[in-house]
Amino acid sequence: MNEFAPNSPEARDIAHHLHPYTSPAMLREKGPHIMNSGSGIYVTDNDGQEFIEGMSGLWCVSLGWNEQELIKAATDQMQKLPYYHSFAGKTVNPAVDLAEKLIQIAPDGLSKVFFNNSGSEANDTAIKMVWYYHAAIGKPEKKKIISRQRGYHGVTLAAASLTALPYVQNGFGLPLDFALHTSSPHYFQDAHDG
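In numbering that gives the first Met the number 0, the protein residues as written are 0 to 193.
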């Protein structure tokens, strides 16, 4: 077991930070791996060791770290209006511009953009839109959604119900009854002779 100085970042993290997909016992024993900086595709930890970050900070930094154009745009917007919602018909100019640009490059037939904070929220919203549509056409009972075993769709309640992975569902009473699962196309694990 590692011994961390009482006021170290590791000790403070162990004391106060609940990490997703992390065993609290293992975290107490080994401590967190603390990243300190990033540039391009690389992140550097508190010990100065550099790593290629192949998951883009869990999919949120697909353009890399320390991109000056993004930093400038974010800084300019933070100084002007750091945040505002789009509830009750309100919006902000960057949302108007981005929605318009996304529709211009989207496949034909799409005319609206709904902004979310994560893929989990996007999937929950898609489920709600499907249910709303079916209710609007007089088929409110159409609630079942099929996903694949071992498919990852997120960790909110609805998305986690579609995510047929035990570590996402165990202990939470999931999946909810709207979620159905079918086998996944994984030849190495699921192939049959013939």
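Virtual Cβ for every residue (Gly too), placed ideally from N, Cα, C. Quantities reported herein were computed from a predicted structural model and do not represent experimental measurements.
Inter-residue spacing [alpha-carbon to alpha-carbon] between residue i and residue j
i           : j           : result
residue 152 : residue 161 : 6 Å
residue 32  : residue 122 : 30 Å
residue 100 : residue 106 : 12 Å
residue 69  : residue 17  : 29 Å
residue 246 : residue 108 : This structure cannot speak to residue 246, because the chain is shown only from 0 to 193.
residue 71  : residue 148 : 42 Å
residue 187 : residue 150 : 16 Å
residue 51  : residue 164 : 27 Å
residue 145 : residue 5   : 49 Å
First through last residue of the beta strand (DSSP E) which encompasses residue i
i           : result
residue 181 : 178 to 181
residue 41  : 41 to 44
residue 49  : 49 to 51
residue 147 : 144 to 147
residue 38  : 34 to 38
Burial state of residue i, where buried means 16 or more other Cβ atoms lie within 10 Å
i           : result
residue 174 : buried
Alpha helix (DSSP H) segment containing residue i, residue limits
i           : result
residue 11  : 8 to 15
residue 68  : 67 to 79
residue 55  : 55 to 58
residue 122 : 118 to 135
Proximity to residue i [Cα-Cα], best of the options
i           : options           : result
residue 170 : 13, 12, 20, 113   : 20
residue 24  : 95, 1, 179, 58    : 1
residue 167 : 27, 176, 154, 179 : 154
residue 197 : 26, 79, 9         : Residue coverage of the chain in this structure runs from 0 to 193, which leaves residue 197 outside it and unanswerable.
residue 112 : 90, 133, 131      : 90
residue 60  : 40, 124, 115      : 40
The segment 143 to 159 touching the segment 108 to 124, judged by at least three CB pairs closer than 8 Å: By the Cβ rule, the segment 143 to 159 counts as touching the segment 108 to 124, because three or more pairs are nearer than 8 Å.
Contact between the segment 33 to 44 and the segment 54 to 68 (3+ Cβ pairs under 8 Å): Taking 8 Å as the limit for Cβ pairs, the verdict is that the segment 54 to 68 does touch the segment 33 to 44.
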